[in-house]
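**Q** A single structure is presented below for examination.
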Amino acid sequence: MSYTPKFILLGLIIFTALGCTTPDKQAPDNQPKEESYSGMLQHTVYFYLNEDVTDEEKAAFKEGLEKLMSIEEIHRYHIGVPASTTEREVTDHSFGYSIFVWFSSMEDYDVYADHPIHLEFIDDYSNLWADVKVYDSELIVDSE
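Position 22 of the sequence shown, counted from 1, bears residue number 22 in full-length UniProt numbering, the numbering being contiguous throughout.
Put into structure tokens, the structure is as follows:
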């Protein structure tokens with residue numbers, strides 16, 4: 001009795017089974033794809049609050065920022081405060097709040113800029129800041 005035909009048949013079954021599996025480097029079609037931000041507009045704002053702003057006013061300011069982020073044209077956002085990182089000459093910890101807002105298009109940004117909620121935010125809270133710095137960037141490279 002020869003075992004060669006049985007081993008050949010077993011080998012063909014294993015080879016066929018392995019050929020039908022999805023390689024590890026390819027995501028199955030039902031998996032969500034990573035989002036790309038390339039080509040989007042990132043609107044970064046640093047609010048430098050007056051020294052005499054109270055804790056209650058800071059809480060109201062934060063609530064105002066959260067309401068501002070409800071504008072439908074905003075794709076994604078983050079609200080921040082200074083981190084407790086090491087003091088360095090190049091690190092600015094003097095701002096009160098920061099916002100990082102992503103827009104899918106310049107048109108969405110334009111709607112945001114003239115939106116009644118945005119204008120109301122400026123009217124309601126501009127008395128609390130000594131300065132505001134705005135940095136707008138068109139995103140050209142995504143992290144992977």
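Beta carbons: idealized from backbone N, C-alpha and C, even for Gly.
Please go through the UniProt domain "Stress-response A/B barrel" (41-137) and give each complete beta strand (DSSP E) segment of 3 or more residues, from N-terminal end onward.
**A** Here the runs fully enclosed are 41-49, 76-80 and 97-103.
**Q** I'd like to know whether the C-beta atoms of His75 and Phe103 end up nearer to each other than 8 Å.
**A** Their beta carbons are under 8 Å apart, which means His75 touches Phe103 by this criterion.
**Q** Less than 8 Å separating the beta-carbons of Gly96 and Leu49?
**A** Yes, the pair counts as a contact, with Cβ atoms nearer than the cut-off.
**Q** Near Ile71, which residues of its chain fall below 6 Å by C-beta distance, leaving aside the five closest residues on each side in sequence?
**A** Cβ within range, chain order: Tyr112, His115 and Ile117.
**Q** Can you name, in chain order, every residue of its own chain whose Cβ lies under 8 Å from the Cβ of Ser38, other than the five neighbours on each side?
**A** Taken in chain order, the residues that qualify are Leu139, Ile140, Val141 and Asp142.
**Q** Measuring alpha carbon to alpha carbon, tell me which residue in Thr85, Ser94 and Gly80 is nearest His63.
**A** For the record, residue 63 in the displayed sequence is Glu; it is not His. That would be Gly80, whose Cα lies nearest to the Cα of Glu63.
**Q** Thr22 by DSSP, collapsed to three states: which one?
**A** Reliability fails at Thr22, whose pLDDT of 42 lies under 50, so the model's placement of it is uncertain and no value is given.
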